[in-house]
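As given, the protein sequences belong to chains A and B, one line each in that order.
Going by my numbering, the first sequence opens with residue 479, and the numbers climb by one from there.
Going by my numbering, the second sequence opens with residue 242, and the numbers climb by one from there.
To start, the structure under review is shown below, and the notes come after it.
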Amino acid sequence: MKITGTEISGDAVEVSGAEIVVKCLQAEGVEYIFGYPGGAVLFIYDELFKQDKVRHVLVRHEQAAAHAADAYSRASQKVGVCLVTSGPGVTNAVTGIATAYMDSIPMVILSGQVPTHAIGQDAFQEVDAVGITRPCVKHNFLVKDVRELAATIKKAFVIASTGRPGPVLVDIPKDVTVAKTPFHYPDSAAMRSYNPVTKGHPGQIKKAAQLILEAKRPMIYSGGGVILSDSAPLLARLVKTLGFPVTNTLMGLGGYPGDDRQFLGMLGMHGTYEANMAMQHCDVLVAVGARFDDRVIGNPGHFGQVPRKIIHIDVDPSSISKRVKVDVPIVGHVPDVLEELLRQLEPQAAKVDQKALAAWWAQIELWRGRDCLRYDRASAIIKPQLVVEKLYEVTKGDAFITSDVGQHQMWAAQFYKFAKPRRWINSGGLGTMGVGLPYAMGAQLANPGATVACVTGEASFTMCIQELSTCKQYRLPLKIVLLNNRYMGMVRQWQQFFHGNRYSESYMDALPDFVKLAESFGHVGMRIEKPGDVEGALKEAFARKNDLVFMDFLTDQTENVYPMVPGGKGLSEMILSEEL
Amino acid sequence: MNAPSPYTLPFVETKAMRHIISILLENESGALSRVAGLFSARGYNIESLTVAPTEDPSLSRMTIVTTGSDDVIEQITKQLNKLIEVVKLVDLSEAAHIERELMLIKVRAAGKDREEMKRMADIFRGRIIDVTESTYTIELTGDGTKLDAFIEALDKTAILETVRTGASGIARGERVLRV
Ligand SMILES: Cc1ncc(C[n+]2csc(CCOP(=O)(O)OP(=O)(O)O)c2C)c(N)n1
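Right, here's the structure in full:
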């Protein structure tokens, strides 16, 4: 690799590896580092102690360090950074790293390692961090020579944040943090084997424009790539220019304003009726930064039964024609491609077949008329959907919402109409229970002063509950919205639908008193048991600007998420609430 | 609706074919396990894998023989290209190429079989590179089928040991794989 760079410390004074680590983070403009100390990283902690530019957030479990760094990135478009010690520090972080990997989140994980001479000796707290994380990182490094440390950290930041982003781990043996060398931080890292594409192929973009203008039943389908590449304004311009319907994946929510008439809602397994039907029946599909994964297209064969032309814009060539074959692949950085596509389309927008488009919209409105997200508003028990609807109203749609994994996640996705990108923070790819609270911590630190709420389930929340302590220490005034159905609701739903109502191990017995629990951590706790109290409780909670408020909503235990496309079924084969 | 578009049909599983993929990768520790890990993690086949540094010691040249349908091979090459250490790769099977594999085989060669064994080695253009009173060690190069044929031609009970390197490949003509 070629390093070009400036010398930061002017003279050739030798500094330790630990100091180099901290200087690199400073040079990268890292504001927060989430971590947990231990033997292998003590010298790095010592250097952190001596400065105040990079602020360290002490989590209570390394999994949360990775999740919080991940969410910090999602909510800010910067690279998230975490620091863990060797052995159990790294293994605890693996779930967080894999979670970030599946959602393509730019993150740098610094892990301590036993001294180089002890590697391979089954030393105390030794694990093969590079080996363990290899399948769940974009790349990783073991730094054996202090002279390579700064350049490696630079590479890590470059690789994490360019192309299809992802986590990069840098494993640093303890002796490397002690060894000394002059510090130079390169300002770029050119690698002959790493050159992510940017501009899409002009010929392909031209073909795409042609197809788009000939469409009779068009559909735009966008995913997490639009969020990650900050292309939401360009997507909105495309949708508005053409007058086409648009849907977002779970990862893509906020990529297009959720309250706009052209927005059909989320698609996929728990997508809306209108989004799934339009996806299935369109004749020209424009996929932008989305990957036709199995939670969107459960059955590629069924999807292929309707003739349609597919244009697929993605920065990762391996995402194209992986599950669904496409007609016009465009490999490129989403904003560059959209920019060029708009340049070609805008002068010709009048060529869109307005008659056909009007007929298509009439069909879509019929589908929309099914009101697939309807639920019993007169219920005497709190319906979880009601809580999310009221949350949306009380926060005026302007909060950062994190979620865990389960039914509550789907209701949050369906009922909170995200107006802006990076406001919806959840684990879409790995589906990791426990992310909700650490995600909220990362989002809050990235956006001090903003409203951050975590919509969670009692089973998920319990998985990283120790972080309530971190929230106290750093005075994070999060609002926890617990949809407490005393079940692993999503598991219970599958057992009801597909396993003959045998609720094997999905009942959450012996739950704590969450109000007292929150109070014991020094927070405010509330229990809400009646639908009539939901709005008032939310208002009261969000008015407490400086407190973490834990709201335990006792919700309907039997409520299910609709619509539902059962696994392996076609998009139009949805189970709707009215059919049960 | 008209006939289904040929494009959006579910992948018609094309027949699994043998492919020989040549890769230039950074000669760094860990690069090999990244490639091998990719194959096992994604469930791709590896029939053989050979790797050694090139004339430029910063680069290794790897040859992987795999089988898969067209879609699978497309994914394999895309996924390999995503690995940071992979500098360049080519699917040699897409055009004319040469494959060679080296086999070392130790056979029983005593009494009346001794002469016959030497004759077989000659027919296959093998070289006897080590000799004891009762054994020969034969070196044989060729493509995989030639080596298979040699083994087939021998009396099974005469074979004491075989070592094969797996295929190495290079394009015919002026096509080259280099940075
Ligand atoms: C770490 C982890 N373990 C198991 C699962 C499988 N799983 C998916 S949803 C779910 C239940 C979640 O229950 P809860 O958090 O109470 O949310 P609810 O579905 O009731 O809203 C489980 C166990 C998972 N996604 N993540």
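From the three backbone atoms N, C-alpha and C, an ideal C-beta is built for every residue, glycine too.
None of these values were measured; they are calculated from a predicted model.
A distance criterion of 8 Å places the beta-carbon of residue 882 (chain A) in contact range of ligand 1, judged by its closest non-hydrogen atom. A distance below 8 Å between beta-carbons, with the five flanking residues on each side excluded, links residue 980 (chain A) to the following residues of its chain, in chain order: 973. Residue state for residue 291 (chain B) is assigned as strand, using DSSP reduced to three classes. A:1026 is the residue among A:1026, A:821, A:891, A:1000 whose C-alpha sits nearest the C-alpha of residue 922 (chain A).
Around the beta carbon of residue 982 (chain A), fewer than 16 other beta carbons sit within 10 angstroms, so the residue counts as exposed. Taking 8 Å as the cut-off, the C-beta of residue 910 (chain A) counts as close to a heavy atom of ligand 1. Positions of the beta strand (DSSP E) runs, each at least 3 residues long and wholly inside the region 343-411 of chain B, are given as 368-372, 376-383, 400-405 in order along the chain. A distance criterion of 8 Å places the beta-carbon of residue 985 (chain A) beyond contact range of ligand 1, judged by its closest non-hydrogen atom. Rounded to the nearest angstrom, the gap between the Cα atoms of residue 775 (chain A) and residue 383 (chain B) is 47 Å. Beta-carbon to beta-carbon, residue 388 (chain B) and residue 405 (chain B) are separated by about 6 Å, close enough to satisfy the 8 Å threshold.
When 8 Å is used as the limit between beta carbons, residue 800 (chain A) is near these residues of chain B: 316, in chain order.
Rounded to whole angstroms, the separation of the alpha carbons of residue 575 (chain A) and residue 544 (chain A) is 6 Å. Set against 8 Å, the gap from the CB of residue 257 (chain B) to the closest heavy atom of ligand 1 is not smaller.
DSSP places residue 829 (chain A) in the helix class (H, G or I) of the three-state scheme. For residue 973 (chain A), the distance from the CB to the nearest heavy atom of ligand 1 is not below 8 Å. Within the region 385-417 of chain B, no residue places its CB atom closer than 8 Å to a CB of chain A.
At a cut-off of 9 Å between beta carbons, residue 1000 (chain A) makes no contact with chain B. Close CB contacts of residue 827 (chain A) within its chain, under the 6 Å cut and outside five residues either way in sequence, are with 719 (chain order).
Ranked by how close their Cα comes to the Cα of residue 732 (chain A), the residues A:722, A:841, A:700 have A:700 in first place.
Here the region 534-553 of chain A makes no contact with the region 615-624 of chain A; the two share fewer than three CB pairs at distances below 8 Å. Across the set A:1001, A:579, A:1033, A:527, the C-alpha of A:1001 shows the shortest separation from the C-alpha of residue 1019 (chain A).
Residue pairing from DSSP leaves residue 734 (chain A) without any beta-bridge partner. Listed by position along chain B, the residues whose Cβ is nearer than 8 Å to that of residue 552 (chain A) form an empty set, because the closest Cβ is around 22 Å away. Taking a cut-off of 8 Å on C-beta distances, the region 654-661 of chain A touches the region 619-635 of chain A, as three or more cross pairs fall below it.
Scanning chain A for C-beta atoms nearer than 7 Å to the C-beta of residue 275 (chain B) yields 612, reported in chain order. Within 8 Å of the C-beta of residue 709 (chain A) there is not a single heavy atom belonging to ligand 1. When Cβ-Cβ separations below 9 Å define contact, residue 282 (chain B) makes contact with chain A. In this structure, DSSP gives residue 673 (chain A) a state outside helix and strand, which the three-state scheme calls coil. Annotation: the continuous beta strand (DSSP E) that includes residue 932 (chain A) extends over 930-934.
Its Cα nearest to that of residue 735 (chain A), the residue A:901 stands out among A:901, A:851, A:501, A:1012. Residues 806 of the same chain have their beta carbon placed closer than 7 Å to that of residue 685 (chain A), with the five preceding and five following residues left out of the count.
Inter-residue distance for residue 321 (chain B) and residue 276 (chain B) is about 7 Å (C-alpha atoms, whole angstroms). Listed along chain B, the residues sitting closer than 8 Å to residue 608 (chain A) by beta-carbon distance are 271. In this structure residue 766 (chain A) touches residue 713 (chain A) by the C-beta definition: roughly 6 Å separates them, less than 8 Å.
Taking 8 Å as the cut-off, one finds at least one heavy atom of ligand 1 near enough to the beta carbon of residue 573 (chain A). Secondary structure note for residue 655 (chain A): its alpha helix (DSSP H) is the uninterrupted segment 652-656.
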